[in-house]
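According to this note's numbering, the residues represented by the sequence shown are 78 to 205, in order.
Backbone N, C-alpha and C define an ideal beta-carbon position, used for all residues, glycine too.
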Amino acid sequence: MIKSVQRYILTLLIGAGITFVFHAVFLKNLQINTEEVYLIPSYVINILLAFLILILINFLQKRFFDYLGFVFIAGSLLKFGAYFIFIHPKFKIDDHITTIEASSFLVPYFVCLAIEVYFVSEILNNKS
78 MIKSVQRYIL
88 TLLIGAGITF
98 VFHAVFLKNL
108 QINTEEVYLI
118 PSYVINILLA
128 FLILILINFL
138 QKRFFDYLGF
148 VFIAGSLLKF
158 GAYFIFIHPK
168 FKIDDHITTI
178 EASSFLVPYF
188 VCLAIEVYFV
198 SEILNNKS
C-alpha cells in the first residue's frame, strides 16, 4: 500500500505540476495575473482532494469493493462542493464568470480526474 500511495503522490504532483506550469505560462502570455483567477488554490484543492479520494478508495478496496464507484463519484461531488464554497464566490463578485476563470478550476479538475480514473481502474482491474 505504501508504494501505491507514493505512486499516487508522485503522479499527481508531476501531472498537475506540469499542467500548472503550462497553464500559468499561458495565462502570463495573455497578460492575466494567476492570483486574479485563483490558479494556485484551484490546483491545491484539486490535488489534495484527488489524493484523499485515491487514498480512501485504496483503503476501502478490500472491504467495500462493490461500492468504490460510489466513493469515486462522491469524491467528484466533493471537489465541486469545494469549488462552490471556496472559489466560485470570488468569481461571482463581478456577477460574471469568464472562460479564463472557469478554466482555472476545470483544467486542474480534469487533469486530476484523469489521474484518478487511471488509478481507480488499476485498482478495479487488479481485483478481477
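In chain order, what residues of the same chain lie with their CB nearer than 7 Å to the CB of residue i, ignoring the 5 residues before and after it?
i	result
residue 174	168
Going along the chain, which residues of its own chain have a beta-carbon closer than 6 Å to the beta-carbon of residue i, five neighbours each way excluded?
i	result
residue 190	none
residue 100	184
Are residue i and residue j touching if we call contact CB-CB under 7 Å?
i	j	result
residue 131	residue 160	no
residue 115	residue 185	no
residue 164	residue 182	yes
residue 177	residue 109	yes
With distance defined between alpha-carbon atoms, name the residue in the options nearest to residue i.
i	options	result
residue 145	87, 90 and 199	199
residue 93	135, 81, 124 and 109	124
residue 151	113, 127 and 165	127
residue 166	179, 141 and 155	179
I'd like to know whether the C-beta of residue i is nearer than 7 Å to at least one C-beta of chain B.
i	result
residue 82	No chain B appears in the structure shown, which is made up of a single protein chain.
Under the assumption that residue i contacts residue j (Cβ atoms under 8 Å), give the Cβ distance between them as a whole number of angstroms.
i	j	result
residue 111	residue 192	Going by Cβ atoms, the distance from residue 111 to residue 192 rounds to 22 Å, so no, they are not a contact pair.
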